[in-house]
Amino acid sequence: RRVHGELQVSSCLKMGVVTAVEILGSDANVLVRVADFNGLRGCAAIRDIISGDDVLFIPQERFLTVDLAKTSTLITLIDELISLNNDDILALLLLHEKFRADDSPHRAYIRSLPTEYSNTIHWSEDERRKLAGSNLSMLTEILLQQIQSDFSEFIQPICKRHPDTFGEVSVREYKWALSTIWSRALDLTIDHELVRCLVPFADMLNHKPGSPVSHCFDNASKGLRVKAQTSFSEGEEVCLDYGPFSNEKLLRLYGFSLLNNPYDSVQLWAVIQPDSVLADYKVSLLQQHGFDNTSPFQLTESSLNRSLLAALRIQHMTPLLFRYADAAFNGPIDTENELEVLSSLRGGLESMLSQYIGSDEEDAQDLEDLNFHHVCAARLRIGEKRILRYSICAVDREMAALNLTP
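All you need for our numbering is the position in the sequence shown, starting with 1, plus 703.
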């Protein structure tokens, strides 16, 4: 998968070429075909499409799901699947179907999948250095450690016990299966339950923020329905909006980032440490107002996060101000408290900004790099730095409006 209009070709994103008929059968109900867009694969309208048309309808029996693994394909391993999460069960299902090759009923779909992915768990150590300073840098290292641990503890033993089901499976193949799920699965509401599904052919639609195409599971006709909300001309690329995902999430799960991502954000944690003064009471105040002390706040370029300011007011609150605690969630409660809040926030933002590798000039150079991973990392850095600088300016404006001087 990629972003609509992407001109940079990832050298490690290699896909088989198959048609909807091969994957779905001769009765496939699709108004798009696989097509080339600037050297990358996408879906083009096979005729003029008008608003309200079904672009795709994929029947449920074509889906690859955890339920399929447990009740059919891997039913003989059911006792061994109990300890696994849903993504790992889906990964084993993919590895099994890949091992079956031409004997698999899903062989055309398996052939259509990329053989390699470009999300950050597949980057070299040198490439991952380009993420230094970002939250994604740390998260990628944590993911790599977790994947190796899960493979050694759960996946590899199961595969070794059942060589006729999986063949020899390496940690690289396990990462391939996980990346397939992360970048291609849809979470669909089926019979009032959220189900993670690999939906053949539908996962070839690329990402375009704000794309006027909707998708949902149709409980009446039992399948995924992708519907146009506007008109498309014959040959025009038809895309989905995967969701309001930041560059961090796009790069971690899908393997690309956007230079001007309208959904971009930076996560900031403002955790009350257990050994701080009256920590338990302050955490309980946050919880009473729907805050989770361990969850991050989202920084964007639209405005300063008011929930973050409220949490920081509680964090810096002295016992004399506890009687104003409820008011802290609506605005400043005390000049000294607000000065501490804004000063500490500004310092934290400056510290985060200083951690990124490279200057603005080096970011611009990396945008022109032939290494696709370097380009994606530069887009991430540029977007996140812009958000942090905006947030610093927003704090300064807040202090000026309140006549506060650090």
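Glycine included, C-beta positions come from ideal geometry on N, C-alpha and C.
It should be emphasised that the depicted structure is a prediction, and the values quoted were computed from it without experimental measurement.
Check the Cα spacing between A723 and each of D790, V769 and V902: the tightest is with V902. Shown here, A931 sits in a strand according to DSSP, grouped into three states. Residues of the same chain with a CB within less than 8 Å of the CB of S934, apart from the 5 flanking positions on each side, are D751, I752, I753 and S754 in chain order. Spanning the alpha carbons of A1103 and Y984 requires a straight line of approximately 31 Å. Contact fails between the region 997–1004 and the region 1020–1031, because fewer than three Cβ pairs, one in each stretch, are under 8 Å apart. Non-local beta-carbon contacts of I813 in its own chain, meaning distances under 7 Å to residues more than five positions away in sequence, involve E800, K801 and S807 in chain order. Assigned with DSSP and collapsed to three states, P817 falls in strand. Less than 8 Å divides the Cβ of D1066 from the Cβ of A1081.
Of R875, W826, F857 and Y820, the smallest CA-CA separation from T883 is found for Y820. Here I778 is exposed, its C-beta having fewer than 16 other C-beta atoms within 10 Å. Of the residues H910, R899, C746 and I893, the one whose Cα lies closest to the Cα of D921 is I893.
Every beta strand (DSSP E) stretch that sits fully inside the region 969–1032 and reaches 3 residues is listed by chain position as 969–971 and 1000–1002.
Nearest to K930 by alpha-carbon distance, out of A923, C942 and E937, is C942.
By the Cβ neighbour-count rule, D739 is exposed, with fewer than 16 other Cβ atoms within 10 Å of its own. Proximity of the region 1039–1054 to the region 1010–1019 meets the contact definition, three or more beta-carbon pairs being nearer than 8 Å. Per DSSP, S1046 has no beta-bridge partner at all.
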